[in-house]
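Heads up, the thing below is written out as structure tokens.
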Amino acid sequence: MPELAEVAYYCSRWNSGIGSRVTAVETHGQTRCFRDVDADCVRTDLTGKRLIGSRTHGKRMLFEFSEGSWLGVHLGMTGRLLVREASEALEKHDHLALKTGVGWLVFNDPRQFGKIELFESDGLPAEWQALPTEILSKKFDYEYFGKILERRSRSVLKSLLLVQGLFPGVGNWMADEILWRARIRPDRRASLLDEKERKALFDSLRFVCRGAMKYVAPDYTDPPKTWLFRHRWKAGGICPKTGTILERDEVGGRTTCWSSAWQR
DNA sequence: ATGCATGTTACATG
DNA sequence: ACATGTAACATGCA
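This note's numbering numbers the first residue of the first sequence as 8 and each following residue consecutively.
In structure tokens, the structure reads:
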């Protein structure tokens with residue numbers, strides 16, 4: 008599930024806990040989600056701290072606590088954040104739960120590809136100061152985008168869009184959506200785009216990121232039927248532009264959906 | 001039962 | 001340094 012806007016949505020699920028003190032921490036410490044940090048450290052460190060705020064960057068989330076503690080969360084493939092009533096029992100895949108005045112702030116992840124991190128730092132942790140330029144930031148302009156295409160000219164576009172160090176937050180459905188809107192086939196190489204196509208891809212990239220944030224981030228509303236999103240999930244879907252059956256195949260190792268009459 | 005999944009990383013190979 | 005392919009991770013769903 009979680010790409011750029013879904014991550015922003017899940018991050019906001021814990022907003023009600025901002026300002027609250029963590030009175031207890033429960034962990035399933037033996038799970039893979041704690042591969043980079045000891046669960047006991049997380050429990051010890053966060054107990055008694057106050058949640059101050061949160062932010063996202065691409066697919067990452069960061070929660071700031073009092074006294075210089077920062078909790079990093081990556082949702083992997085099936086992770087989510089939610090709040091449970093204080094009286095509610097925790098469930099099987101609730102790997103981390105922070106007890107606060109508004110209930111349990113829960114990180115749940117059946118497949119455990121997600122990850123918990125802990126930083127102790129006076130200001131923003133160093134790891135978070137070194138993250139790539141965000142797509143919707145002012146710095147991510149057409150010139151910056153062009154340099155990426157030049158540097159990675161031999162890349163297949165679908166794969167390139169999934170590189171988090173270049174396009175933070177873009178995941179499988181967004182990459183398909185971006186290429187579809189730009190009318191470019193997913194298996195094309197960056198170097199073979201003409202000027203018009205490069206511009207179309209840049210515009211589409213920003214449009215899809217903005218649209219995702221507009222529709223999905225506030226309350227998980229699906230994008231409109233005019234988007235590929237609503238048609239791409241299983242075989243037999245219809246292209247909203249052409250009315251013909253969408254193609255589905257593997258490109259760069261990921262399931263990819265495109266419209267052969269629409270994209271060139 | 002079989003195949004597939006909105007993610008990332010390590011490793012081998014070119 | 002880049003690119004590609006594969007396996008691995010662990011579980012639920014159709």
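Glycine included, each C-beta is placed from N, C-alpha and C at the ideal position.
Which term fits residue i, buried or exposed, when burial requires 16 or more other beta carbons within 10 angstroms of its beta carbon?
i: THR63; result: buried
i: ILE123; result: buried
i: LEU199; result: exposed
i: ALA46; result: buried
i: ILE142; result: buried
i: ILE279; result: Any answer about residue 279 is impossible in this case: the structure gives the chain only from 8 up to 271.
i: GLU10; result: buried
i: MET5; result: One cannot answer for residue 5 here, as it falls past the ends of the chain, which runs 8 to 271.
i: THR107; result: buried
i: THR233; result: exposed
i: TRP240; result: exposed
i: GLN154; result: One point to set straight first is that residue 154 is Lys, not Gln, in the sequence displayed. Under this definition LYS154 is an exposed residue.
i: GLY86; result: buried
Identify the continuous beta strand (DSSP E) that holds residue i and give its terminal residues.
i: SER61; result: 58-64
i: ASP101; result: 101-107
i: VAL14; result: Looking at the DSSP string, VAL14 is not in any beta strand (DSSP E); the run it does join, the alpha helix (DSSP H), is 11-20.
i: TRP273; result: With the chain covering only 8 through 271, there is no way to say anything about residue 273.
i: LEU89; result: 87-91
What is the DSSP secondary structure of residue i, counted as helix, strand or coil?
i: VAL80; result: strand
i: VAL215; result: helix
i: VAL113; result: strand
i: LEU200; result: coil
i: ASP256; result: strand
i: ALA31; result: strand
i: GLU74; result: helix
i: LEU235; result: helix
i: TYR227; result: coil
i: ARG161; result: coil
i: VAL144; result: The question names Val, but residue 144 is Ser in the sequence shown. Three-state DSSP puts SER144 in coil, outside helix and strand.
i: SER23; result: helix
i: ARG192; result: coil
i: ARG42; result: coil
Could you tell me how far apart the beta carbons of residue i and residue j are, in whole angstroms, since I believe they sit closer than 8 Å?
i: LEU105; j: VAL44; result: Their Cβ separation, rounded to whole angstroms, is 15 Å, which puts LEU105 and VAL44 out of contact at 8 Å.
i: ARG161; j: ARG196; result: 6 Å
i: TYR16; j: ALA224; result: 5 Å
i: PHE126; j: GLY79; result: 7 Å
i: PHE114; j: LEU103; result: 4 Å
i: ALA189; j: SER166; result: Actually they do not touch by this definition, with Cβ atoms about 16 Å apart.
Could you give the first and the last residue of the continuous alpha helix (DSSP H) run that contains residue i?
i: THR51; result: 46-53
i: LYS165; result: 164-168
i: LEU186; result: 179-189
i: LEU156; result: 149-158
i: TRP135; result: 133-136
Mind checking who residue i pairs with in its DSSP beta bridge?
i: ASN249; result: Sequence inspection shows Thr at residue 249; the Asn mentioned does not correspond to that position. BP columns for THR249 are empty, so no partner.
i: LYS122; result: HIS81
i: ARG67; result: HIS64 and HIS81
i: GLU127; result: SER76
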